[in-house]
Amino acid sequence: MTRRVPARRMRMLCAAALLVASTPIVAQFGEPSAAAAPPGQLLPAIAPPGIDHAALGVAQDLSGRPAPLEPTEQRTVCAQPRLNGAPPKEAPVAQRVLDLESAWQFSRGAGQKVAVIDTGVNRHPRLPALQTGGDYVADSDGTVDCDGHGTLVAGIIAARPSPDDAFVGVAPDAEILTIRQLSLAYQAKNKRGDPPPGTIDDSGYGNVLTLAGAVVRAVDFGATVINISEVACAAAGSDTADGALGAAVRYAYERNVVVVAAAGNVQSDGACSAQNDGTGWGSVKTVASPAWFSPYVLAVASVDPSGAPSELSLNGPWIGVAAIGRQIVSLDSKPGGTGLVDAVETSEGLSAIEGTSFAAPYVAGLAALVRARFPHLTAQQVIDRIVRTAHQPGAGRDDKIGAGLIDPTAALTDQLPEQPISANAQSPQAYVPAPPPAPESPWPRRIAVFGSLACLSALVIGYAAAAPYRRRQTNEQLPELDS
């Protein structure tokens, strides 16, 4: 029996999304992870992750049977997303900044299948092309979203337009493949003991191993783009337990599938609490998986509507690009829902929807636009095009927003070399060169973009006080979805 309990604090789904593992997974993952370094002692230096090709077999085995690895049950009530006010008559801020109307002159994503590996995607009239891919949490076909997260992600990617409002997805002609891989509302029936490596939060169900299986499944189901708005955090130098996931994202990359992943959100406590506030791999305190598996993954940071990097966004040398992750509007995830939402109901009122989980689907949608316009490009070339046409207000890339804010029109129109930037796929920054020559000066567009950001900066006055998107946990609050 599920029950509603008061919420004490807010946490972020994107930073706490990969959850409880069963006993067999403990055996697969090996020994418990190393503890964080004591105060005053440096954590071990880390390097870009290698790929364990032998681990792919585990992911392939799981890809063929999308089902929980152990009996599960729903422990909390489902999320209650809400629309705070009337449906927007003007395009939401992210749509305006990205100037999607201009991009749609060149592509609307037709013929592309974007896999949303998430909390499920509820059926919605504005997602008519929804393919079911299965469920690793319970017994659905992937079209149950108790957490109110995957549906929002899918809407940002591919929602059809409506005469009733101005919201629309980035690639409205694309198809969505839904695979339910985690839920903070579910737990294993035989849950016990401390969580093993690869676990971020013990308030729900899902882990890096089932995520690996879902990635392989999405590839085998014909996805051309995969969106992963989930992050498993681990202290630098500890056991990340993500060998199968690394093998799975490389499997996708080598089969010409673009994998887009959220960078992760900084938490007040837990595995994602230490911000990577330096530069380069030597300063990494927190590893974010699968984001750190670049270049097989295009990792996405969040920026505010003002253009500034979002404080909630986890930094890292693996960050590729950024998109707006605040003031989010998307599709209603409630069963039978037909409208929009921009907040979630909590015991303390309505909380805004925000986080790198919702920045990532803007980039996944752009990948679908690029793939539709340039069907001959490889996955690396698509990533290359998105990265090289992004706008960085500083000099070169940085660990906060990578190459900068994406520019859909530039990604669809600029003339760039068709060959990948580097054949060295092991280099995590092989696809981040100096800006290429363009057939015309890029500055008029860049000035327009940052001018728009400056004009929109007033929208965030007072927004810093808004709490992240959350769920109340069992015995404390509903478990939180991404913020």
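With mature numbering (1 follows the signal peptide of the UniProt record, and there is no 0) as the guide, the letters of the sequence shown map in order to residues -27 to -1, 1 to 456. Every residue gets a Cβ at the ideal spot worked out from N, C-alpha and C, and that includes glycine.
Would you tell me roughly how many angstroms separate the C-alpha atoms of residue i and residue j, rounded to the nearest one?
i	j	result
HIS364	LEU378	5 Å
ARG223	THR259	22 Å
residue 457	ALA83	Residue 457 lies beyond the stretch modelled for the chain, which goes from -27 to 456, so this question has no answer here.
ALA48	LEU350	Per the sequence shown, residue 48 should be read as Arg rather than Ala. Each residue's alpha carbon lies about 45 Å from the other.
PRO263	VAL273	11 Å
ALA217	ALA32	6 Å
LEU71	GLY280	12 Å
LEU73	THR382	8 Å
residue 468	GLY186	Outside the displayed span of the chain (-27 to 456) sits residue 468, for which this structure offers no information.
LYS162	GLU43	8 Å
PRO21	SER135	44 Å
VAL141	ALA147	12 Å
THR329	VAL66	16 Å
GLY58	ALA340	32 Å
LYS307	LEU184	24 Å
VAL50	PRO282	33 Å
GLY123	ARG346	26 Å
TRP265	ALA64	33 Å
GLY243	GLN388	44 Å
ALA220	VAL189	9 Å
LEU271	GLU321	35 Å
GLY128	ASP34	30 Å
HIS26	ASP108	25 Å
TRP254	ASP138	44 Å
PHE79	ALA384	10 Å
Where do the ends of the beta strand (DSSP E) carrying residue i lie?
i	result
SER330	That residue, SER330, is in no beta strand (DSSP E); its alpha helix (DSSP H) goes 329 to 346.
ILE199	198 to 201
THR151	148 to 153
VAL294	292 to 297
VAL141	Per DSSP, VAL141 belongs to no beta strand (DSSP E) and is neither H nor E.
LEU323	322 to 325
SER275	270 to 276
SER262	259 to 262
ALA214	First-last for ALA214: undefined, no H or E at that position.
residue 459	Only positions -27 to 456 of the chain appear in this structure, which leaves residue 459 out of reach.
ALA205	205 to 208
Taking DSSP as the reference, what is the three-state secondary structure of residue i?
i	result
HIS349	coil
VAL117	coil
GLN104	strand
GLY219	helix
HIS364	strand
ALA34	In the sequence as presented, Ala is not what sits at residue 34; that position holds Asp. Helix at ASP34.
PRO88	It is Ala, not Pro, that sits at residue 88 in the sequence shown. If DSSP states are grouped into helix, strand and coil, ALA88 belongs with the strands.
GLY375	strand
ARG55	strand
SER75	helix
GLU46	strand
ALA234	strand
GLU318	strand
LEU304	strand
SER241	coil
TYR109	coil
VAL285	For the sequence presented, residue 285 should be read as Leu rather than Val. Three-state DSSP puts LEU285 in coil, outside helix and strand.
ALA40	coil
LEU29	helix
SER156	strand
Take residue i and list the residues in its own chain whose beta-carbon comes closer than 8 Å to its own, dropping the five residues that flank it on each side.
i	result
VAL230	ALA191, VAL192, ALA196, THR197, VAL198, ILE199, ALA352
For the alpha helix (DSSP H) containing residue i, list its first residue and its last residue.
i	result
TYR159	TYR159 -> not in any alpha helix (DSSP H); beta strand (DSSP E) instead, spanning 159 to 161.
THR382	381 to 386
ILE129	123 to 131
VAL70	66 to 71
ALA185	181 to 193
If residue i and residue j are in contact, beta carbons under 8 Å, what's the gap, nearest whole angstrom?
i	j	result
ALA234	ALA131	The pair is not a contact, with the Cβ atoms about 18 Å apart (cut-off 8 Å).
THR92	ASP114	About 14 Å separates the two Cβ atoms, so there is no contact after all.
GLY106	PRO39	7 Å
ALA144	ILE19	Contact doesn't hold; Cβ gap of about 35 Å is too wide.
ASN288	ASP357	Not confirmed; about 22 Å, so no contact.
ILE152	ILE90	5 Å
VAL355	VAL343	5 Å
LEU103	THR116	7 Å
TYR335	ALA296	4 Å
Below 7 Å CB to CB, which residues in the same chain sit around residue i once its five sequence neighbours on both sides are set aside?
i	result
ALA337	VAL87, ILE130, VAL198, ASN200, VAL233
ASN249	SER256, VAL257, LYS258, THR259, LEU287, ASN288, GLY289, ASP372
GLN160	VAL(-8), THR45, GLU46, ARG48, GLY177, TYR178
SER156	THR92, VAL110, CYS119, ASP120, GLY177, TYR178, GLY179
Within the same chain, show all residues whose beta-carbon is closer than 6 Å to that of residue i, passing over the 5 residues directly before and after it, in chain order.
i	result
LEU97	It should be pointed out that residue 97 corresponds to His in this sequence rather than to Leu. Around HIS97: LEU304.
ARG228	VAL192
THR213	ALA207, VAL260, SER262
ALA247	LYS258, THR259
GLY309	none
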